[in-house]
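J.: Below: one structure in structure tokens.
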Amino acid sequence: MKLPPAPSFVIRPAVMPDLDALAAIDALCFPPGIAYPREEIAFLLSTSAVVVLVAERSCVVVGFAALERRRRARQDARYGELVTIEVLPQFRRESIGGALYRTLEDHARAWGASSLHLHVSVENTAAASFYLRLGFRAVRRIPRYYLHKIDAWRMEKDLL
Ligand SMILES: CC(C)(COP(=O)(O)OP(=O)(O)OC[C@H]1O[C@@H](n2cnc3c(N)ncnc32)[C@H](O)[C@@H]1OP(=O)(O)O)[C@@H](O)C(=O)NCCC(=O)NCCS
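Each residue of the sequence shown is one higher than the one before, starting from 200 at the first, in my numbering.
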């Protein structure tokens, strides 16, 4: 029997010493104003409400992803807010973003989330294609969501 090739990267939980690597990746993936301030990435790494994963190749962090666990106030329904998924440009289209996403989705299902939600810029056609391929649908367009001038798609995926 022929086995599929083993992935050339590993996914693991992020830890605070990853902060520099995550901030560097974020600054390469997004322009100033949209990139997260370093303090916000540190907050994501420090709060138990957010799951942060990194993808490593040869012990070098090449991507990361974050998911916030949320509850609706009244129904106590659990859902996940996908904060970000980012892969360094030279490592894209190698299934790393998809592997990060699927690990977060598994986590959200195990936690009992019934759906996942995210925002993506309408100008970010690569990311929108990536999320559509993963089963998300655009549910509405939010005017001037980024920098008070760029619209965003609100996207959702049911996990039931
Ligand atoms: C979006 C992103 C995370 C995808 O990461 P990736 O590792 O390249 O994704 P994968 O290799 O797992 O791609 C899975 C599928 O998504 C789709 N996809 C990914 N990138 C795409 C692109 N640039 N154009 C069209 N479809 C794309 C394809 O269907 C792809 O499958 P294929 O390669 O077999 O055709 C990456 O492009 C990125 O880091 N972008 C910058 C940060 C960003 O915008 N993040 C989203 C924030 S909301």
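From the three backbone atoms N, C-alpha and C, an ideal C-beta is built for every residue, glycine too.
Cutting at 6 Å between CB atoms, please list the residues of its own chain near Val251, excluding the five before and the five after it.
T.: Within the sequence shown, numbered from 1, the residue matching residue 251 stands at position 52. Answer for Val251: Ala213, Leu243, Leu244 and Ala265, listed in chain order.
J.: May I ask whether a heavy atom of ligand 1 can be found less than 7 Å away from the beta carbon of Ile295?
T.: Numbered from 1 along the sequence shown, position 96 holds the residue referred to as residue 295. Within the cutoff, so yes.
J.: Check whether the segment 286 to 306 touches the segment 337 to 346, taking contact to mean three or more Cβ pairs, one atom from each stretch, closer than 8 Å.
T.: The segment 286 to 306 is not in contact with the segment 337 to 346.
J.: Between the segment 309 to 317 and the segment 276 to 295, can you find at least three pairs of beta-carbon atoms closer than 8 Å?
T.: A contact exists between the segment 276 to 295 and the segment 309 to 317.
J.: Buried or exposed, going by whether 16 or more other CB atoms sit within 10 Å of the CB of Ala254?
T.: Position 55 of the sequence shown, counted from the first residue, corresponds to residue 254. So Ala254 counts as buried.
J.: Just checking my contact of Met263 with Leu221 at CB under 8 Å: how many whole Å lie between their CB atoms?
T.: The residue you call residue 263 lines up with position 64 of the sequence shown. The residue you call residue 221 lines up with position 22 of the sequence shown. A small fix is needed here, since residue 263 is Phe in this sequence, not Met. Correct: roughly 5 Å between the Cβ atoms.
J.: Under the DSSP definition of a beta bridge, which residues are partnered with Ser320?
T.: Translated into the one-based positions of the sequence shown, residue 320 becomes position 121. BP columns for Ser320 point to Ala351.
J.: When the distance is taken between beta carbons, is Val338 closer than 8 Å to Glu322?
T.: In the sequence shown, residue 322 corresponds to position 123, counting from 1. In the sequence shown, residue 338 corresponds to position 139, counting from 1. It is not a contact, given that the beta carbons lie outside the stated cut-off.
J.: Which partner residues of Pro216 appear in the DSSP bridge assignment?
T.: If you number the sequence shown from 1, residue 216 lands on position 17. According to DSSP, which records beta bridges pairwise, Pro216 is partnered with nothing at all.
J.: Buried or exposed for Glu285, please, with buried defined as at least 16 other CB atoms from any protein chain shown within 10 angstroms of its CB.
T.: One-based indexing of the sequence shown puts residue 285 at position 86. By the neighbour-count rule (16 or more Cβ atoms within 10 Å), Glu285 is buried.
J.: Do Trp352 and Ala327 have their CB atoms nearer than 8 Å?
T.: Along the sequence shown, one-based indexing puts residue 352 at 153. Along the sequence shown, one-based indexing puts residue 327 at 128. Result yes, Cβ atoms of Trp352 and Ala327 sit closer than 8 Å.
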